[in-house]
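One structure is given below, encoded as C-alpha cells.
Residue numbers (the numbering used here), protein chains in the order written: chain A, 1 to 127; chain B, 1001 to 1136.
Below, the structure written as C-alpha cells:
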C-alpha cells in the first residue's frame, strides 16, 4: 500500500526502465534519419545531372581523405536498424501473444536487420 | 464481496478482422495504423528489394541496367508504393515528435494535424509520381 510520502515525484520507481530508453532511442534515431534524408535530398537537388559518378559520390564522398560519405551512411543505417528493431518488436508484442512464436519472430527480425546492415555496408564501402 | 464472486468478470478481447473492417477510426487513428503499415512494409522490402536495387545502382556495371529496370512501368508503380510508405512514415513521424513535446495534443489540433500529414504525404507522393512518369 502506498504511503502518502511516496506519491508524485517521490513515488517508489520499480522496473528496468528499458521502455523509456527505447522510446527515446526511437525518437533520436528518427531525427538522425530525417536529417540524413534531407541531406541526401539536397545532394540530389544540387546535382548538375544524374550521372553514375554523381550518384555514387552522394554516398562515398570524402573530405580531406576521410570517407565521410560512407561513415555518415553507415551511422544512418545503424540508426535505421535500431529504429526498425524497436518498431517491429512493438508490432510482435502487440499482436503475437504466444511467447515462443514471439521470441522466434524477434530473433528473425534481428537477423533480418543485421543482414541488411551488413549488406548496406558492403555496398557503400565496396563501391 | 459475495456478489462479485458469483458474476464472472467481463472479458475484453481484441476485435476480430470482420469487426475491424467495419470499425470507424478517427483520422488520427487511420494515420497511426498507416504509420505502422508503412514502417512494416519498408522493413520487409529492405533486404529483398530496396538494397538489391541500391546495390545495382551503385555498381559501375549495374547502373545502366538499373536505369533500364527503373524505366519499366510496373517497377515505377512499385517505386511509388515505397516512396509513399517513406513519405507517410516521414511526415507522420514529424507529427509524433511534435505530439511528444506536448504540442497540439488537444482533440481538435490532433485531428487537424492528422489531416495535414495525409495532405502533405499524399501531395508529395503525387509530385514524385509526376516526376517518375515523366509528366514533369
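Idealized CB from N, CA, C, for every residue including glycine.
*Consider the Cβ of residue 79 (chain A): report whether some Cβ of chain B lies at a distance smaller than 8 Å.*
Among the CB atoms of chain B, none fall inside 8 Å of the CB of residue 79 (chain A).
*Using alpha carbons as the reference points, say which of B:1084, B:1056, B:1008 lies closest to residue 1139 (chain B).*
Limits of chain B in this structure are 1001 at one end and 1136 at the other, which puts residue 1139 (chain B) out of reach.
*State buried or exposed for residue 76 (chain A), treating a residue as buried only when at least 16 other CB atoms are found within 10 Å of its CB.*
Here residue 76 (chain A) is buried, its C-beta having at least 16 other C-beta atoms within 10 Å.
*asked:* Tell me which residue opens and which closes the alpha helix (DSSP H) that residue 26 (chain A) is part of.
replied: Note, residue 26 (chain A): alpha helix (DSSP H), 18 to 46.
*Would you tell me roughly how many angstroms separate the C-alpha atoms of residue 1046 (chain B) and residue 116 (chain A), rounded to the nearest one?*
The straight-line gap from Cα to Cα measures roughly 7 Å.
*Between the CA atoms of residue 1097 (chain B) and residue 27 (chain A) - distance to the nearest angstrom*: Cα to Cα, the separation comes out at about 7 Å.
*Chain-ordered neighbours of residue 1057 (chain B) on chain A, where CB pairs are closer than 8 Å*: Around residue 1057 (chain B), the beta-carbon contacts reaching into chain A at under 8 Å are 55.
*Hey, is residue 1093 (chain B)'s beta-carbon within less than 8 Å of any beta-carbon in chain A?*
Put simply, the CB of residue 1093 (chain B) is near chain A, with a gap under 8 Å to one of its CB atoms.
*asked:* Just to confirm my understanding: we take residue 89 (chain A), look at its own chain, exclude 5 residues before and 5 after, and list those with CB closer than 8 Å. What are they?
replied: So the qualifying residues of the chain are 106, 109.
*Name the chain B residues that come within less than 7 Å of residue 27 (chain A), Cβ to Cβ?*
Neighbours of residue 27 (chain A) on chain B, chain order: 1097, 1100.
*Please confirm if the region 1107 to 1120 of chain B is in contact with the region 1025 to 1037 of chain B, defined as three or more CB-CB distances below 8 Å between the two stretches.*
Contact between the region 1107 to 1120 of chain B and the region 1025 to 1037 of chain B is present, because at least three Cβ pairs lie under 8 Å.
_Tell me the residue span of the alpha helix (DSSP H) that contains residue 99 (chain A)._
For residue 99 (chain A), the uninterrupted alpha helix (DSSP H) run begins and ends at 99 to 126, by DSSP.
_Let me check one thing: in DSSP terms, what residues is residue 66 (chain A) bridge-paired to?_
In DSSP, residue 66 (chain A) forms a bridge with A:63.
*To the nearest angstrom, report how far apart residue 1118 (chain B) and residue 1057 (chain B) are at their CA atoms.*
Going by the C-alpha atoms only, they are around 31 Å apart.
*Find out if the Cβ-Cβ distance for the pair residue 32 (chain A), residue 79 (chain A) is shorter than 8 Å.*
Yes, these two residues count as a Cβ contact at 8 Å.
*Quick one: list the residues of chain B neighbouring residue 123 (chain A), beta-carbon separation under 8 Å, in chain order.*
Near residue 123 (chain A) (Cβ distances below 8 Å), the residues of chain B are 1051, 1054, 1055, 1058.
*According to the Cβ coordinates, are residue 1088 (chain B) and residue 1035 (chain B) closer than 8 Å?*
Yes, these two residues count as a Cβ contact at 8 Å.
*Does the distance from the CB of residue 83 (chain A) to the CB of residue 29 (chain A) come in under 8 Å?*
Taking the C-beta atoms as reference points, residue 29 (chain A) is found nearer than 8 Å to residue 83 (chain A).
*Can you tell me whether DSSP reads residue 1112 (chain B) as helix, strand or coil?*
Look at residue 1112 (chain B) here: in three-state DSSP terms it is helix.
*Hey, would you say residue 1124 (chain B) sits closer than 8 Å to residue 1080 (chain B), going by beta carbons?*
Cβ distance not < 8 Å, so residue 1124 (chain B) and residue 1080 (chain B) don't count as in contact.
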